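Take any residue in the sequence shown, count from 1 to its spot, add 318: that is its number in the numbering used here.
Beta carbons: idealized from backbone N, C-alpha and C, even for Gly.
Bear in mind that the values here come from a model prediction, so they are computed numbers and not experimental data.
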Amino acid sequence: ETVRRELAAGRGSVDVLLPADNRLHPERSLRFMEPGFRYSAVEQIALIVTLLLGTAGLPHITHRYFTSSSGRAARASTVWVLGLATCFYFLAVLLGVAARSELPRYLPAGLTNSDFVDGVVRVPEKALLFLAGEAGGESILALVSAAAFAAVFSTVAGLLIAAATSWGHDVYEEYINPEASEARRVRFARIAVSLTAGLAAVIGIGISVIGDAGAPGVALMVTWAFAVAGSALTPVFLAIVWWRRTTAGGVLAGMATGALLSMGAIALALLSERFEWAGWWGLGHFPSLLAAPLAGLSVVVVSLRTTMPSTAGSWWVRLHGTAPERRQALLVRLAARGGDAR
């Protein structure tokens, strides 16, 4: 009775679970927190492809190649990055499984309140914090929270360093003012990075005004970054490294195509929460499944219609070596293992 009076007076709120369609298995009814509420089978495949391609194109990861002293060091750096990224993804899955299996042991049976529904965490992003708090107490919760903040700041720092390098060196020094002093380049990079960070903060805080279902979760917003990187950068990287005919015009066309398609698709996914017509294309927030191939096609088409630079041959040899050099390296590796080159 007290709850009813508070609600009638407008001084409280209550969460209500409503029936929903199972998008993954339409023939089955949907239970709370089971796969199928948000994404269909096609969208789940698109999510996996987006994360796969996005990891290869994240700027703060590819930026490591600028700090490698040699090709061998760059390859070793790649192995380390891939290994650490693999561990990260495994840990994310393991923590989710641990939260589903272990949290019910520390909670009353069938607990339902503002944080849990039948013992299941209502907001998935909070699962790790609840697991740390319930299983390890306040000290472990504080440690996990500090680690989360450290991870956030390290990632932001890496992205800002990559942005500073791009604005200060690749844009300002190369195209705007090639004769600029180092102090002027650094000043321009700082201003550009400050504006970039401010724009990102405004978008992150104000994005909920576009959709109708509240602010997107952190995991979804991170996936947007993977979508743009996987659509605009990864196809270009693959073409530059493995297709000798790639030109600067093709690179720019591929990056523009991937960026516009991915950001446009994300905007459509947000608008679809209010307008049914905006959800026509069916891939939701994960456009790389379509945007990345189209970006690669743009690279090929524009490269074939533009002229290769005169230095392309020497650059290709520097990147891959000559055929005799590659065979000699293969023979050395086989000899070290006692193999045969045939």
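Is DSSP giving residue i helix, strand or coil here?
i: F593; result: coil
i: G529; result: Interpretation of G529 is limited by its pLDDT of 48, a score under 50 that renders its predicted location unreliable; no figure is taken from the coordinates.
i: A410; result: helix
i: F604; result: coil
i: E420; result: helix
i: Y357; result: coil
i: S562; result: Here residue 562 turns out to be Arg, not Ser, going by the sequence shown. Note: R562 maps to coil in three-state DSSP.
i: P642; result: helix
i: P496; result: coil
i: R502; result: helix
i: H343; result: coil
i: T473; result: helix
i: L649; result: helix
i: S395; result: helix
i: R655; result: helix
i: A338; result: coil
i: P611; result: helix
i: M626; result: coil
i: P426; result: coil
i: L376; result: coil
i: S386; result: coil
i: L551; result: coil
Can you find the residues in the same chain that come closer than 7 Å, C-beta to C-beta, to residue i, ignoring five residues on each side of it along the sequence?
i: P642; result: none
i: A453; result: E420 and Y424
i: L615; result: none
i: F434; result: L425 and R440
i: G375; result: A547, G548, L551, T552 and F555
i: V367; result: S606 and L607
i: A531; result: Because A531 carries a pLDDT of 47, less than 50, the predicted location of this residue cannot be relied on, and no value is offered for it.
i: A392; result: Y383 and S386
Flag this pair as yes or no: are the beta carbons of residue i and residue j separated by less than 8 Å?
i: I584; j: P611; result: no
i: G572; j: T624; result: no
i: L579; j: A609; result: yes
i: A574; j: G372; result: no
i: E491; j: R505; result: no
i: E443; j: A537; result: yes
i: E449; j: A480; result: The displayed chain sequence assigns Leu, not Glu, to residue 449. Not in contact: L449 and A480 (Cβ atoms no closer than 8 Å).
i: T564; j: V635; result: no
i: A364; j: L342; result: no
i: L461; j: A515; result: no
i: A464; j: R562; result: no
i: G524; j: M539; result: no
Provide the residue(s) that pair with residue i in DSSP beta bridges, ordered along the chain.
i: F434; result: V439
Sorted by chain position, which residues of the same chain lie with C-beta nearer than 6 Å to residue i's C-beta, five sequence neighbours on each side aside?
i: G284; result: A question about residue 284 goes unanswered here, because the residues of the chain that appear run from 319 up to 660.
i: A510; result: W485
i: G529; result: Any reading at G529 must be qualified, since the residue scores a pLDDT of 48, below 50, and its modelled position is unreliable; no value is offered.
i: G476; result: H378
i: L369; result: F544
i: V470; result: none
i: L446; result: L413
i: T541; result: none
To which residues of the same chain is residue i closer than 8 Å at the C-beta, ignoring the five residues directly before and after it?
i: G451; result: I458 and L459
i: V557; result: Correcting the residue type first, residue 557 is Ala in the shown sequence and not Val. Contacts found: T564, G568, V569, G572, G614, V617, V618 and S621.
i: S577; result: One point to set straight first is that residue 577 is Ala, not Ser, in the sequence displayed. Same-chain partners within the cutoff: V546, S549 and A550.
Comparing the CB of residue i with every heavy atom of the ligand NAD, is any distance shorter than 7 Å?
i: Q362; result: With respect to small molecules bound, the structure shown includes none, and the ligand NAD cannot be examined in it.
Uninterrupted alpha helix (DSSP H) stretches inside the region 444-472 (no shorter than 4 residues): Within the region 444-472, no complete alpha helix (DSSP H) run reaches 4 residues.
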